[in-house]
Every structure is written in structure tokens, then in C-alpha cells.
Amino acid sequence: MKSSNRLYVVIRRLNALRTNFLRETMKLLFLSHEIPSPAASDTISLYHLIGHLSALYGHDITLISFMSDRTRGEDLEHLKNICSVKNPIKIQWNSSKKLLFKAVKNSILHLPKNLRRGLWINELDYYYDHRMNQAIKDGLKENHFELIFSTRQMANYVVDVDTPKIVQPFDAMFEWHRQILSNSRGLKRILYGIRYALNRSYEKHIYEKFDACLVVTQLDKELLESLNPRIRCTVIPIGVDIDYFSPMDIAEEPASLTFLARLQYPVAIANAVYFYNEVFPLIRLESPNVKFYLVGREPAREIIDLSSDPSVRVTGYVKDVRPYLAKSTVVVSPEILGTGMKYKVLEAMSMGKAVVTTSLGAQGIAVRNREHLVIADTSHEFARETVSLLTDRRMRTTLGANARKLVEEQYSWEVVTKAVNASITNILSEHG
């Protein structure tokens, strides 16, 4: 890290510590469907929020969570040093058949309760576990928590609890499933039709029971509130670890493009295949030696098949994505499907990289086109802008510097945590 960056970090942390003495501390319960980790997109926010709410505001935090075979030991140890981690409930998520059986069994057992809530069946019942239910009941009985903060998947456990509470779904997931449904055929279309209906029902009836529903974009807020006007949405963007994702002194690989995503998700597959089929051939006409890197864990068969092209590299899981971002000439995020904010776009921006994306990929991020990144919504436009950046180092440098500055000012975890803490304070003040 450069000396100027080190000084920036020190000053920022000293200011946070100085203001900590002026703030009221609170006793908070966090519920997570998995041990929070900076390596998992669905719990990365919880991981950083727990750390920053504890360090910057002195809150007394208890975490009750499931733990699976995917849990990283270093994440669990880190969390134990900054909050009280109740004995995690061990569970296996690696068997699709077992998950399906558990979901069906729980849905039948909980049908009367779901019907009382206006749900015919609850797709998220595969997260139900009687041990978890008891652990939460015991935790609430033994402690006077001022507020509960829950991931979307854990909301069912506390939906009827009187304690002030927040749910953080990030996106309007029913819209995510609607998009996948519209892009599916055959048996998959039936499957996603069912999942769309169940998610829509879940979000419509569950979120209204919470004092606040935290989403990352104005569009997600509008979608959920149109579904049920009683849902109280608050827009708080996702953050990025600007100390970890900072510019690196690594030489660019000429004419290289990188796309980061969880490559087994239907949305990521659709976006990657679209880019390869519709955009990449146009880029190769102007830049025949271009290389396309697909970086992300658990790539689906459709993604692996792309690596038969010598110009395409599918990495699979990598422990550290930063070197791939750093050496990339241009980072591409060809989003044609999806909801919410794109965390991978923020990571690339935080590292000072030039990014080309669509309007959907830039959604929720306060960027200006051609100042912080480049927005291109058609295949020909996307190809043209990417080729232009491949040959224009000055433009890449300017975009990268502006992007980094924007992320520092608006999307650090300190900034995001301040907004979350304000939401918590507001809710508690309303409850008197």
C-alpha cells in the first residue's frame, strides 16, 4: 500500500475512534444463514457490518448462525474476536437431494403456520432447523437485545418476535426469479415459475413484519413497495473494503478482459454467455489477440465449455481475485440480467480499474458515464467501447483514478456502516 493510502487509513480510523465516545452503544443480535465471510457475496455485508459496528460504535453484538462445510476457519476466528458467537449450528448444504427432501418435509410440517401468514408454502423452509429455532429462543430469553438484524434467509425465525428488527435482503429477489423465469425453457421454466411464485409470496408477507427492510437500490425499494406498500424499505448501498481492494503494482496483460462472478448462478451464466456470443466476436475483429478471463467459483458446464476457445480462460475458484483484476487491461461486467448492485463492479473500481458495463451493471452506483466507468447497452456499443479502452491507456488511467476516488468517498464500509447505524438508531427512537 502506498504511504499516502496508509496515512488516509490511519486518519480515518482515528477520527472514527474519536467519535466513538460520543455515541450510544447497543446490544444487537445478528442472525445469519452462514458464518459471515468476506469471500461470500451473500454474507460479506454482515461480515463487515459486524466488525465496523463493533469497532466504530462499540456495539455489543451476538451472532447466531448456521455453519456448513463451506465455512472458513479464519472467518469464524475473526468474528469470535469482535463479537459473541453462539455455538454455530452445523448443517450440510452440499447435497441437493437432501435439501429438497428437507424443504418438502418442513413445508408440510409448517403448512398451518405458513397459511396463517398468507403463504401457501415457504420456499425458504429448507433453512429451518429445530436446533436453530431453540438457539434463537434461548438467546432472546437470556439477553435483552435492543434490536435484531437478520439476513433474508433467517427472517422466518423472528418474524413474530416483538423486538425491533431489520431484515437485509439486498435485492427484490422475486424480480431476480422473474428474470430467470423469462430466460428459461422447458423443465427449468416450470421450476423457476414455482420459485418465482414462492419468493414473491414470501417477500410480500414476511418483510412487512420488520421495522426496516434494507435494499441496495431505489429500484429494489420501488419493486418491493409496489408488491406490498406496508414494507418499509431503506436504501443503503453495499460497501467495499477499500483497504483490501486498492490499486496494485502489477503490470497489465495486453489486450486482456476479466469478468468476475459466481459462475454457477443462472444470471452470471446468462451474462457471460451473452458476452461471449454477442460481444466478444466483435472485439476480436479489432483485437485478434484479446484474452477473456472468467474468474469465479463453481463454474457451470456452460461456462467451462467456453474454455475450449483458446482465447478464453476459466479459472474456477481463486483464493485472491485481486491479481486478476490488477493485470486485466479492462474489466467487463456485461449485465443483461440481475437485480441490485454489482459488488464485483465496485471491487474493480476500488482497485482503480477501467470498467465497461451496462446500465444494469451500474445500477445503484452514483457513477457518471465516461467519468467513473463506461456504460454500453448494446453488443456493438459494448464492443466498440471495450476496444477503445484496450488501446487508450490514458483514458483507462483517468477512469480508474476517478472510480477509486468515488468508492473511497461513498462506498467504503465505514460510510455504509454509518448509514446502517443511523437506521438502527432511528428505529430504536421510534420504539421509545
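Per the working numbering, the very first residue in the sequence shown carries number 88; after that it's consecutive.
By construction, the Cβ of each residue, glycine as well, lies at the ideal position given by its N, Cα and C atoms.
- Sequence-distant partners of residue 464 (beyond 5 residues in either direction) whose C-beta falls short of 7 Å from its own C-beta, in its chain, are 445 and 446.
- Note on geometry: alpha-carbon atoms of residue 479 and residue 510 lie some 43 Å from one another.
- For the pair residue 327 and residue 434, the CB atoms are nearer than the 8 Å cut-off.
- Residue 118: member of the beta strand (DSSP E) spanning 114 to 119, first to last residue.
- The segment 452 to 471 makes no contact with the segment 394 to 414; the number of CB pairs closer than 8 Å stays below 3.
- Residue 331 and residue 374 have their C-alpha atoms spaced approximately 32 Å apart.
- When the Cα atoms are used, residue 228 and residue 139 turn out to be separated by approximately 26 Å.
- Distance check between residue 147 and each of 179, 232, 348 and 290 places 232 closest, using alpha-carbon atoms only.
- When only Cα atoms are considered, residue 255 and residue 152 end up about 15 Å apart.
- Burial check for residue 338: the Cβ neighbour count within 10 Å stays below 16, so the residue is exposed.
- A distance below 7 Å between beta-carbons, with the five flanking residues on each side excluded, links residue 308 to the following residues of its chain, in chain order: 302, 320 and 322.
- A distance below 6 Å between beta-carbons, with the five flanking residues on each side excluded, links residue 340 to the following residues of its chain, in chain order: 414.
- Pairing residue 459 with residue 345, the inter-Cα distance amounts to about 18 Å.
- CA-to-CA, the gap between residue 492 and residue 417 works out to about 18 Å.
- Under the criterion of beta carbons closer than 8 Å, residue 236 and residue 115 qualify as touching, at roughly 6 Å.
- Residue 214 sits close to residue 241, with the two beta carbons spaced by under 8 Å.
- Secondary structure at residue 251: coil, using DSSP grouped into helix, strand and coil.
- Beyond the five residues adjoining it in sequence on each side, residue 280 comes within less than 7 Å, by CB distance, of 268 in the same chain, given in chain order.
- A direct Cα-to-Cα measurement between residue 223 and residue 155 gives close to 18 Å.
- For residue 499, the secondary structure class from DSSP, reduced to helix, strand or coil, is strand.
- Counting only the Cα atoms, residue 294 lies some 10 Å from residue 312.
- CA-CA distance, residue 239 to residue 263, rounds to 14 Å.
- For residue 273, the enclosing alpha helix (DSSP H) stretches over residues 273 to 293.
- DSSP places residue 403 within a strand segment (E or B) once states are collapsed to three.
- Counting only runs that start and end inside the segment 295 to 358, the alpha helix (DSSP H) elements of at least 4 residues fall at 305 to 314.
- Straight across, the Cα-Cα distance linking residue 426 with residue 468 is about 22 Å.
- Taking a C-beta distance under 8 Å as the contact criterion, residue 124 and residue 169 do not qualify as a contact pair.
- Its Cα nearest to that of residue 517, the residue 251 stands out among 133, 165 and 251.
- In the DSSP assignment, residue 235 falls within the beta strand (DSSP E) that extends over 234 to 238.
- The residues 355 and 383, in chain order, have a CB closer than 6 Å to that of residue 348 in the same chain once the five nearest residues on each side in sequence are set aside.
- Residue 404 is classed as exposed because its beta carbon has fewer than 16 other beta carbons within 10 Å across all chains shown.
- Residue 120 sits buried, since 16 or more C-beta atoms from the chains shown fall within 10 Å of its C-beta.
- Residue state for residue 213 is assigned as helix, using DSSP reduced to three classes.
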